[in-house]
C-alpha cells in the first residue's frame, strides 16, 4: 500500500 | 503605506499563473526583504514559497511589515488585465482592506488602476530548514514539463531516481509503463539547456504527477528548474526568477507502508 505523506510530517508549524 | 513598482510586470502575471491552481487564498507578506508568499494546497501535501526581493523592484516602499490576504483567482483576473509590457505597481495604505494594482503601458499613454478587496486568511506558516539533499538535478524547465506531461498520460505517480547513470523518471498505469532517463549533459553551448546532476548518494522517491504538473505552470518564469531530492524530505522544485528571487514548490512523497 502506498500512502501520500503530509508536509506536517517533515516541517514544523511556526 | 506600501508601494512596489515592478517594471517587468509580466513576472507577476506569470507568478500568479503558476500558483493559482495550487492555492486558492494566500497571504502576501511584505517586508524590507521583499514581497513573499508561503502557502499550502488544501490537502497539505504541497507548499509554494515565493520571494521577490526588494532590490528587484524599481521602487520599493514598505513602511512596516504587512500581510495581505488575497484570493489568487481574483488577483489573477485583475493581473490578466495588465499588458505583458506593462509596469505594475502594487499599492496599499496601512489598515486598508483593499490593495490597488496600477498598470502603466511602457509609453505611459495608458494608466489603469484596479482595486481588489483583501481578505482575512488564517494561514499556517511552516518552518523550512536549510537541508543537505542526496541529489540535486538541474535541467531545462521545458524538458521537465514535457516529461511530467508525457508520464501523466500513462500513470498517476512518478518515481524519480537519481543514480550515477543519470536521473530516471518512471511511471506505470493500466496501459503499461514508461521510463525516461536524462543523463548529465554539460557539453552544450547554452548553459540553460544543460542537465547537471549532483549526487551525494542515490535516491529514489515517488510523487503524485498531478502536483508535479501543477508546478510546471511556472515554466515560463525560468529556463532551468532545480529538483532537490532527499529520502528524508519533501522534494523541492525550484524556478529562479531572474535577478529577483525564486518560486519553490515542496511536495511530500508517496510512501510505501
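Protein chains in written order, with the numbering used here: chain A, 35 to 48; chain B, 2 to 258.
Virtual Cβ for every residue (Gly too), placed ideally from N, Cα, C.
The alpha helix (DSSP H) spanning residue i covers which residue range?
| i | result |
| --- | --- |
| residue 148 of chain B | 142-153 |
| residue 14 of chain B | 11-20 |
| residue 76 of chain B | 73-80 |
| residue 212 of chain B | 210-216 |
To the nearest whole angstrom, what separates the beta carbons of residue i and residue j, a pair I think is in contact under 8 Å?
| i | j | result |
| --- | --- | --- |
| residue 82 of chain B | residue 31 of chain B | About 22 Å separates the two Cβ atoms, so there is no contact after all. |
| residue 163 of chain B | residue 213 of chain B | At roughly 15 Å, the Cβ-Cβ gap does not stay under 8 Å, so residue 163 of chain B and residue 213 of chain B are not in contact. |
| residue 20 of chain B | residue 49 of chain B | 5 Å |
| residue 35 of chain B | residue 246 of chain B | 6 Å |
| residue 99 of chain B | residue 118 of chain B | 6 Å |
| residue 219 of chain B | residue 240 of chain B | 4 Å |
| residue 25 of chain B | residue 72 of chain B | 7 Å |
| residue 255 of chain B | residue 216 of chain B | Actually they do not touch by this definition, with Cβ atoms about 16 Å apart. |
| residue 11 of chain B | residue 85 of chain B | 5 Å |
| residue 125 of chain B | residue 47 of chain A | 5 Å |
| residue 158 of chain B | residue 178 of chain B | Not really, about 12 Å apart at Cβ, beyond 8 Å. |
| residue 230 of chain B | residue 153 of chain B | Residue 230 of chain B to residue 153 of chain B, Cβ: 19 Å. No contact. |
| residue 44 of chain A | residue 253 of chain B | 7 Å |
| residue 183 of chain B | residue 168 of chain B | 5 Å |
| residue 92 of chain B | residue 13 of chain B | The pair is not a contact, with the Cβ atoms about 14 Å apart (cut-off 8 Å). |
| residue 37 of chain B | residue 52 of chain B | 5 Å |
| residue 17 of chain B | residue 55 of chain B | No, residue 17 of chain B and residue 55 of chain B are not in contact; Cβ-Cβ is about 19 Å, not under 8 Å. |
| residue 155 of chain B | residue 206 of chain B | That belief does not hold up - the Cβ atoms of residue 155 of chain B and residue 206 of chain B are roughly 18 Å apart, past 8 Å. |
| residue 186 of chain B | residue 196 of chain B | 5 Å |
Terminal residues of the continuous beta strand (DSSP E) containing residue i?
| i | result |
| --- | --- |
| residue 104 of chain B | 99-105 |
| residue 169 of chain B | 167-174 |
| residue 200 of chain B | 197-200 |
| residue 261 of chain B | Lying before the first or after the last residue shown, residue 261 of chain B is absent from chain B, which here runs from 2 to 258. |
| residue 191 of chain B | Note, residue 191 of chain B: premise wrong, no beta strand (DSSP E); not H, not E. |
| residue 4 of chain B | 3-7 |
| residue 90 of chain B | 88-93 |
| residue 50 of chain B | 47-54 |
| residue 250 of chain B | 246-252 |
| residue 27 of chain B | 26-31 |
| residue 110 of chain B | Element bounds for residue 110 of chain B: n/a, residue is neither H nor E. |
| residue 38 of chain B | 35-41 |
| residue 156 of chain B | Counting along the chain, residue 156 of chain B falls outside any beta strand (DSSP E), and DSSP gives it neither H nor E. |
| residue 48 of chain A | Note, residue 48 of chain A: premise wrong, no beta strand (DSSP E); not H, not E. |
| residue 38 of chain A | 36-38 |
Does the CB of residue i have a neighbour CB from chain A at under 8 Å?
| i | result |
| --- | --- |
| residue 207 of chain B | yes |
| residue 258 of chain B | yes |
| residue 46 of chain B | yes |
| residue 255 of chain B | yes |
| residue 129 of chain B | yes |
| residue 126 of chain B | yes |
| residue 192 of chain B | no |
| residue 234 of chain B | yes |
| residue 251 of chain B | yes |
| residue 41 of chain B | yes |
Whose CA, out of the options, lies closest to the CA of residue i?
| i | options | result |
| --- | --- | --- |
| residue 237 of chain B | B:193, B:138, B:76, B:192 | B:138 |
| residue 243 of chain B | B:258, B:232, B:226 | B:226 |
| residue 70 of chain B | B:207, B:28, B:114 | B:28 |
| residue 224 of chain B | B:145, B:135, B:6 | B:145 |
| residue 132 of chain B | B:233, B:4, B:7, B:61 | B:233 |
| residue 102 of chain B | B:88, B:61, B:197, B:108 | B:88 |
| residue 8 of chain B | B:155, B:104, B:94 | B:104 |
| residue 142 of chain B | B:16, B:6, B:222 | B:222 |
| residue 113 of chain B | B:79, B:42, B:196, B:122 | B:79 |
| residue 6 of chain B | B:57, B:33, B:41, B:22 | B:57 |
| residue 127 of chain B | B:257, B:41, B:59 | B:41 |
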